[in-house]
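First up is the structure itself, then whatever we jot down about it.
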Amino acid sequence: MNLTLISATLAVLMLLVGVDALAGSRQEQSGSSQAGMASYYHDRFHGRRTASGSRYDKRAFSAAHKTLPIGTQVRVTDARSGKSVVVRINDRGPYARGRVIDLSRAAAREIGLTHKGVARVKLEILGSKTLAASQTGF
Numbered sequence: 282m283n284l285t286l287i288s289a290t291l292a293v294l295m296l297l298v299g300v301d302a303l304a305g306s307r308q309e310q311s312g313s314s315q316a317g318m319a320s321y322y323h324d325r326f327h328g329r330r331t332a333s334g335s336r337y338d339k340r341a342f343s344a345a346h347k348t349l350p351i352g353t354q355v356r357v358t359d360a361r362s363g364k365s366v367v368v369r370i371n372d373r374g375p376y377a378r379g380r381v382i383d384l385s386r387a388a389a390r391e392i393g394l395t396h397k398g399v400a401r402v403k404l405e406i407l408g409s410k411t412l413a414a415s416q417t418g419f
């Protein structure tokens, strides 16, 4: 009897977790968007490991986001200038209050962020690659 109750409870919990995970993935589907403040990585992080396991390369078009899956491609558009760049999420962060994304130096330069330091941006989720594919190249 106890084993049946435990099994039923586990089955219900797994179902609830699965439904919650599906709801989260729908929110981050291709074509969805977010807005907020962006900043960029300091050069001292160049060469350090990211959450994906790859090394941060300030010359690559990559970024950190708190919740998007590693490997997700995102178009980042500066709200004021309209300049945009496509990056791949390979790290977690940003950890500064009020920021939605941290860009690599190359990506920040592409949209003129290196002169400002911080800018309001729009994020458009384009899709994702598998982690293995994303580590071998963009």
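To convert a position in the sequence shown, counted from 1, into my numbering, add 281. Idealized CB from N, CA, C, for every residue including glycine.
Next item on the list: State the DSSP-derived secondary structure class of R401, mapped to helix, strand or coil.
Entry: Looking at R401 - three-state DSSP - the assignment turns out to be strand.
Check: Thinking just about the alpha-carbon of each residue, which of K339, R329, A377 and G328 is nearest to the one in V368?
Finding: Nearest option by C-alpha distance: K339.
Item checked: Pair within 8 Å by beta-carbon distance, A341 and S385 -> The answer is yes: Cβ separation under 8 Å.
Note to self: Just verifying my parser: in three-state terms, what is the DSSP assignment at A388?
What the structure shows: In the three-state reduction of the DSSP assignment, A388 falls in the helix class, which pools H, G and I.
Next item on the list: Give me whichever residues DSSP pairs with G317 in a beta bridge.
Entry: Beta-bridge pairing links G317 to V402.
Margin query: Quick check: what's the CA-CA separation for P350 versus R378?
Written below: Distance between the alpha carbons of P350 and R378: 21 Å.
Margin query: Could you give the first and the last residue of the continuous beta strand (DSSP E) run that contains I351?
Written below: Per DSSP, I351 lies in no beta strand (DSSP E) and is assigned neither H nor E.
Item checked: Nonlocal neighbours in the same chain, by C-beta distance under 7 Å from A387, ignoring five residues either side -> For A387, where only same-chain residues beyond five positions count, the Cβ hits under 7 Å are K339, R340, A341 and F342.
Notebook entry, point to check: Alpha carbon to alpha carbon, what distance is there between A344 and A360?
Noted result: A360 and A344 have their C-alpha atoms roughly 18 Å apart.
Check: Taking DSSP as the reference, what is the three-state secondary structure of T358?
Finding: Correct three-state label for T358: strand.
Notebook entry, point to check: Excluding sequence positions up to five away, which residues of its chain have a Cβ less than 7 Å from the Cβ of R356?
Noted result: Correct list, in chain order: S365, V367, E405 and L407.
Item checked: Local conformation of R325 per DSSP, three classes -> DSSP places R325 in helix when its eight states are reduced to three.
Note to self: Determine whether the beta carbon atoms of R380 and G317 lie at a separation below 8 Å.
What the structure shows: In contact: R380 and G317 (Cβ atoms closer than 8 Å).
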